[in-house]
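Mapping to UniProt numbering: the sequence shown position 282 is 282, numbers consecutive. Note that beta-carbon positions come from the ideal geometry of N, C-alpha and C, so glycine has one too. All of these numbers come straight from a predicted model, not from anything done at the bench. Worksheet: the structure to be examined is printed underneath.
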Amino acid sequence: MNVSDEELNIIRQAVRTLIKKEVEPLGEQMEEEDKVPRSLLDKAAEMGLFGLSIPQEYDGLGAGMLGKVMIFEELGRGPNCFVSIIGCHNGIGSVGIVMAGNEEQKQRYLPKMAAGQLIGAFALTEASAGSDPGNMKTTAVLKGDKYILNGTKQFITNGDIADVFTVMAVTDKSKGSKGITSFIVERGFKGFTVGKYEKKMGLHGSQTAELIFEDCEVPVENVLGEPGQGYVNALKILANGRAGLAARNLGSCEKLLEVSAKYALQRVQFGKPIFDNQIIQHYLANMAIDIEALRSLTYDVARKIDRGETVIKEAAIVKTFGSEAYGRVADLAVQIHGGMGYMRECEVERFYRDARIARIYEGTSEIQRNIIAGQLRKEFAL
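Here it is, written out as structure tokens:
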């Protein structure tokens, strides 16, 4: 059973209020301190926002993809560091356990993840393996009743605060991507440490970190899914989350259009609001076009996922279009604001930097186009 539409709308309104009254006022502080206050995360937990992806039988909301995109759209209107933490947890951080976990694993982890007591993260990327999983160096060797993991993961969102990690490691090098297995790794496991925090262009407040495995001991019961199916699991996890990423981008685009239109109406040059200039009107119109197209794509893909349809191509399309639309909208927002848009004190400057990663993480635009083309080849093959 999933959360009802009425309950979702109540949550959506509560999230909008949370963003406007409590998250946005702390935007500059989070930017400077590179940290989201724990008090904000606790409020999100109280609202059930860490259990969006988790079924109600494990104390989550069971929002479904349509419900998640509704909430992510609202969260995306605020500082992106906040939605990044919650989105990562609800997407790639917990979906793997929901999709591939056995009953014992679900009972052990999901209720606490739904309550925000355990934060989730996903560890696939390495220095030499991101889009190319066949070059993964992290290994897992079975010894008795434990797997011994060795290697390093890079750019891991929530790496600073996560308690539970879905980790990909090579168990059979001879099989390439088919020799990768996924594991549930707890922060306290022997041999596991969090390394350096990366200094990023944007998303300040949402930390990415290096994960180090030095003879890390993982119980055999923490294998997630079947051995050798790790990369298949990863693809499913990533595909499932792409509509969520698009929804986050949608919310940010909506916010940028709102502040840009208001600024254009208030900013007077040569005796009139700059909104009266046709070029500014065209900029705002282009922003609105991208937003409405992205909204239609996002909600259409979400509905298809909830109906159980295969959306490999559609998920790649919405991720690509959403991330690139966000970049276009953010660029126009800066241009409309002029010199003020380049200043750190202006929120559009922060959105502009935050937007750039959207075309890279969880599958670059180039990889998404490869996926789309691959599906087209199958569709039109004779």
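Query: Can you look up Leu-61 in the DSSP assignment and give me helix, strand or coil?; Result: coil
Query: Between which two residues does the beta strand (DSSP E) harbouring Lys-153 extend?; Result: 146-157
Query: From Gly-202 to Leu-297, what distance separates their C-alpha atoms?; Result: 26 Å
Query: What separation, rounded to the nearest whole angstrom, lies between the Cα atoms of Ile-280 and Gln-56?; Result: 47 Å
Query: Taking all protein chains shown into account, do 16 or more other C-beta atoms lie within 10 angstroms of the C-beta of Tyr-147, making it buried, or fewer, making it exposed?; Result: buried
Query: Spell out the partners DSSP gives Thr-181 in its beta bridges.; Result: Ala-169
Query: Which value, in whole angstroms, describes the spacing of the CA atoms of Ser-39 and Val-301?; Result: 33 Å
Query: Where does the unbroken beta strand (DSSP E) through Asp-215 begin, and where does it stop?; Result: 208-219
Query: Figure out for me which residue from Val-329, Asp-160, Glu-186, Gly-130 has the closest Cα to the Cα of Leu-224.; Result: Glu-186
Query: Check Pro-79 in the structure and name its three-state DSSP category.; Result: coil
Query: Near Thr-193, which residues of its chain fall below 7 Å by C-beta distance, leaving aside the five closest residues on each side in sequence?; Result: Ile-212
Query: Figure out for me which residue from Val-95, Asn-80, Phe-50, Ala-330 has the closest Cα to the Cα of Leu-235.; Result: Val-95
Query: Checking the sheet assignment: what are the DSSP bridge partners for Gly-120?; Result: Val-164
Query: Taking all protein chains shown into account, do 16 or more other C-beta atoms lie within 10 angstroms of the C-beta of Lys-143, making it buried, or fewer, making it exposed?; Result: exposed
Query: For the candidate residues Gly-151, Asp-290, His-204, Met-65, whose alpha-carbon lies nearest to that of Gly-27?; Result: His-204
Query: Check for me: the beta strand (DSSP E) holding Leu-142 runs from which residue to which?; Result: 139-143
Query: Closer than 7 Å by C-beta to Gly-64: which residues in its own chain qualify, once you throw out the five before and the five after it? Chain order, please.; Result: Asn-2, Asp-306
Query: Who are the near neighbours of Glu-103 in its chain, counting only those whose CB is closer than 7 Å to its CB and skipping five residues on each side?; Result: none
Query: Quick one: using the 10 Å Cβ neighbour count with 16 as the cut-off for buried, is Ile-10 buried or exposed?; Result: exposed
Query: For Thr-193, which of helix, strand or coil comes out of DSSP?; Result: strand
Query: By a C-beta neighbour count over all protein chains shown, 10 Å radius and 16 as the cutoff for buried, is Gln-105 buried or exposed?; Result: buried
Query: DSSP beta-bridge partners for Pro-273?; Result: Val-268
Query: Looking only at C-alpha atoms, which of Ala-162, Gly-130, Asn-90, Asn-240 sits nearest to Gly-308?; Result: Asn-240
Query: What residue range is occupied by the uninterrupted alpha helix (DSSP H) comprising His-337?; Result: 312-337
Query: Tell me, please, which residues DSSP counts as bridged to Glu-186.; Result: Val-164
Query: Rank Asn-277, Ala-333, Cys-216 by C-alpha distance to the C-alpha of residue 393 and give the top, closest one.; Result: The structure shown does not extend to residue 393, since the chain is modelled only from 1 to 382, so the question has no answer here.
Query: Leaving out the 5 sequence neighbours to the left and right, which residues in its chain are closer than 7 Å to Ala-45 when beta-carbon positions are compared?; Result: Ala-115, Gly-116
Query: Going by the beta-carbon positions, is the gap between Ala-243 and Val-329 smaller than 9 Å?; Result: no
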